[in-house]
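First residue of the sequence shown: 1, per the UniProt record's numbering; consecutive thereafter. Don't be surprised by glycine CBs; every beta carbon is placed ideally from N, CA and C. Notes follow once the structure below has been shown.
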Amino acid sequence: MSGAALGLEIVFVFFLALFLLHRYGDFKKQHRLVIIATLLAWYLCFLIVFILPLDVSTTIYNRCKLAVNSSPAESNGSYVTLAPRYELHQKCFKPWSYIPDGIMPIFWRVVYWTSQFLTWILLPFMQSYARSGGFSITGKIKTALIENAIYYGTYLLIFGAFLIYVAVNPNFNLQWNQLQTIGIAAANTWGLFLLVLLLGYGLVEIPRSHWNGAKRGYLLMKTYFKAAKLMTEKADAEENLEDIMEEVRKVSESIKYNHPLRKCVDTILKKCPTEYQERMGRNMDDYEDFDERQNSYPSEKSLAKLHKQVIYSVQRHRRTQVQWQILLEQAFYLEDVAKNESSATRQFVHTFHSQEPENKIIQYFYTPTVEWYWECLLRPWFYRALAVVLATFSVIVVWSECTFFSTKPVLSLFAVFIQLAEKTYNYIYIEMACFLTIFFLSICVYSTVFRIRVFNYYYLASHHQTDAYSLLFSGMLFCRLTPPLCLNFLGLTHMDATISHKKTQPTAYTSIMGSMRVLSFIADGFYIYYPMLVVILCIATYFSLGTRCLNLLGFQQFMGDSEMTSDLIDEGKELIRREKRKRQRQEEGENRRREWKERYGNRDDSTRSRAVHTDQKESSFSETNANRPLSKYTRSNGRTERDRIELLQDAEPLDFNADSVNDDPLESESGR
């Protein structure tokens, strides 16, 4: 089993990152380089989280081996006993997930420096490249370099300040290892600053969201609130798209096909929705010599700006449309749950049938009875129990963050758990405790990254609606947050020698970070006392201070005691009711048409077949008797049959509740 656990986790984490990226990204429409870069960033960060517990168990085993080799033999009178060493050797057995020496340092070095290259150099450049409206690769690269000049210059200035500090200080000899440690310390300091902010929000919001998930009325009211806000955003996106398409139409009419910039206009038109492309056309019939007439044509720079606006507006419009449909399904389902709670038959009844075909296996096991028991009876209690467990973990994390610097006595509960398991060398317990700890910390931090929204510039939307800029930005955040998250976890468990103050073998992950003693004010000050700020952030999140501040600034947030929230809930309820009536009318119209076809479809088919057979007989009879004047009667007879078919078609009732009514009942049969 040597190294097998490492290989299995590498494969599992890859498919996990691929699944999440498929949920948020669009593999068909987005550029392959964007997908590959984001997948690599997510994969490396998730890999660090999953592999670190194996590094901890391997380090504990290596410490045990050193203790066996260095333990002295006891002398008992005239002979020497090796009992202490033998007992220690019996306890010190190799774990099933043991990773051979030399593999982990190389593995961590490759993973860490690759992630740092992605977050500080490649991903910011690809962000600017993806948002650029240039029409060529060279133009996009030029725009990306210009936009990142200030970005790269700022970080070079910060790194230069650290470099000057070390060079001026006489206690330091500037060497490559120390220079490398300074760079790592600067990156981890920035990451830890953001990590504590996100962690303080997630430690409170995740248990509270699961507790509120057990309240049906709460979820339904919040869905109504989201519907009102999303409708406003949807209308704004449609209006913005109309304005941009009007500008594109004007540009398309002014720049004819013989203009050198017509290729740029065609590129912009390809990014527009299909209905707008058909409406605008290309004006190929109008020839205009742009050299003879002094018309004002837009420049290539203004066309690049328009191209950028078109990409953004189309993506936003598509995202709001998809989110609106998803929110409608969620609201309809929550209303169904509220209705079925008082059902005497204990079978879940849906108002609308699912538009997507359901899996037969799931349909076989997840029957209406099972669905009723889960949704109306078991799910609320399950969510409450899960919320209590998550809240307990949050309290343990907050306590450990405030006391992990204390080594005598050991106050960090995570360190106590690991040290108790280390005494018995229970490696499975050690790995499970480490995995649950770092997994919970990661969930609190990463879920906040998925939830936050910076206006319309950064927003991770599910169902393949996230744009390239947001995907790349999330990869940057993950790569910057994961290393300080792992260092914080090692500090909570006292596996970091900087915290425990013990001369023991460090983990392979800590060894590549170098000694933080090069910058003592960071190692002994910022890394220890700044995480205590998580207490203040948790209190602020519990009392929703950030939500109240955003509400005062004009950004409507869901608050139960706000008058604006009540108005938006009423507005959203009316919107959902309107959409529900619309969908009911559509289904009723479809049911009536289906019943009419089932009732009169066979009769119409037999009438048509009889008419066609009669026409064929009479046409063949008229061909054999071409000299006789019976052909006109044959034609009149065929006309009578066709009129009878028309009368049968007109007998079908019209659905006045449908979205559109066809004036010509035979228009659909024109091909026949």
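Contact belief for L199 with V445 at Cβ below 8 Å, rounded distance in angstroms = 6 Å
request  = Compare the beta carbon distance of E375 and V337 with 8 Å and say whether it is the shorter of the two.
outcome  = yes
inquiry  = Could you compute how far the alpha carbon of A73 sits from the alpha carbon of F93?
reply    = Only weak support exists for where A73 lies, its pLDDT of 49 falling under 50; the value from the coordinates is given anyway. So the alpha carbons of these two residues sit roughly 20 Å apart.
task = Report buried or exposed for I99, applying the criterion of at least 16 other Cβ atoms within 10 angstroms of its Cβ.
result = buried
message = With a threshold of 8 Å, are at least 3 pairs of Cβ atoms found where one atom belongs to the segment 448 to 467 and the other to the segment 12 to 19?
response = no
key: beta strand (DSSP E) runs wholly inside the segment 325 to 393, at least 3 long, in chain order   = none
ask   = Is there contact between the segment 473 to 480 and the segment 522 to 541, where contact requires at least three CB pairs shorter than 8 Å?
value = no
task = Return the CA-CA distance between D101 and S209, expressed in angstroms with no decimal places.
result = 44 Å
inquiry  = Suppose contacts are defined by Cβ-Cβ distances below 8 Å. Is Q309 in contact with I244 by that definition?
reply    = yes
task = Could you tell me how far apart the beta carbons of P484 and Y112 are, in whole angstroms, since I believe they sit closer than 8 Å?
result = Going by Cβ atoms, the distance from P484 to Y112 rounds to 12 Å, so no, they are not a contact pair.
query = Where does residue 740 fall in DSSP's three states?
reply = Beyond the ends of the chain as shown, which are 1 and 672, falls residue 740; an answer cannot be given.
request  = Determine the direct distance from the alpha carbon of I522 to that of I121, and round the result to whole angstroms.
outcome  = 25 Å
request  = Report the residue from S462, V204, F352 and K503 whose alpha carbon sits nearest the alpha carbon of Q584.
outcome  = F352
ask   = Around the Cβ of P409, are there at least 16 other Cβ atoms within 10 angstroms (buried) or fewer (exposed)?
value = exposed
Same chain only: Cβ atoms within 6 Å of T119, ignoring 5 sequence neighbours per side = M476, C479 and R480
Cβ contact check for the segment 380 to 391 and the segment 207 to 226: 3 or more pairs under 8 Å = yes
query = At what residues does the alpha helix (DSSP H) containing T546 begin and finish?
reply = A small fix is needed here, since residue 546 is Gly in this sequence, not Thr. Run containing G546: L545 to L552, per the alpha helix (DSSP H) assignment.
query = Hey, is the segment 41 to 53 in contact with the segment 15 to 33, meaning 3+ C-beta pairs nearer than 8 Å?
reply = yes
inquiry  = So within the segment 133 to 177, which uninterrupted alpha helix (DSSP H) runs reach at least 4 residues, ignoring any that extend past its ends?
reply    = 137 to 168
key: Inter-residue CB distance, T407 and H494 (contact presumed, cutoff 8 Å)   = 7 Å
request  = To the nearest angstrom, report how far apart L52 and I137 are at their CA atoms.
outcome  = 40 Å
ask   = With contact counted as at least three CB pairs below 8 Å, one residue from each stretch, are the segment 311 to 326 and the segment 226 to 238 in contact?
value = yes
query = Taking buried to mean at least 16 other C-beta atoms within 10 Å of its own C-beta, is V196 buried or exposed?
reply = buried
query = Closest by CA to G139, which one among L261, A304 and L203?
reply = A304
key: Cα-Cα separation between P368 and F332, rounded to whole angstroms   = 17 Å
inquiry  = One question on the structure: do V34 and L472 come within less than 8 Å of each other, judged by their Cβ atoms?
reply    = yes
ask   = Between L220 and N551, what straight-line distance do the alpha-carbon atoms span, to the nearest angstrom?
value = 21 Å
ask   = Of all the beta strand (DSSP E) runs that stay within the bounds of the segment 401 to 457, which reach a length of 3 or more residues?
value = none
ask   = Do you know whose CA, among L327, Q505 and E205, lies nearest K226's CA?
value = L327
task = Assign A41 to one of three DSSP states: helix, strand, or coil.
result = helix
ask   = Exposed or buried, what is R131 when buried is set at 16 or more other beta-carbons lying within 10 Å of its beta-carbon?
value = buried
ask   = Among residues of its own chain, excluding the 5 on either side of L334, which ones have a beta-carbon nearer than 8 Å to its beta-carbon?
value = R216, L219, L220 and T223
task = Check whether the Cβ atoms of S412 and L492 sit closer than 8 Å, and answer yes or no.
result = yes
query = Nearest-angstrom Cα distance between R453 and Y201?
reply = 14 Å
query = Distance, Cα to Cα, N76 vs A67?
reply = Note that N76 has pLDDT 47, beneath the 50 cutoff, so the model's placement of it is unreliable and the number below is only indicative. The straight-line gap from Cα to Cα measures roughly 21 Å.
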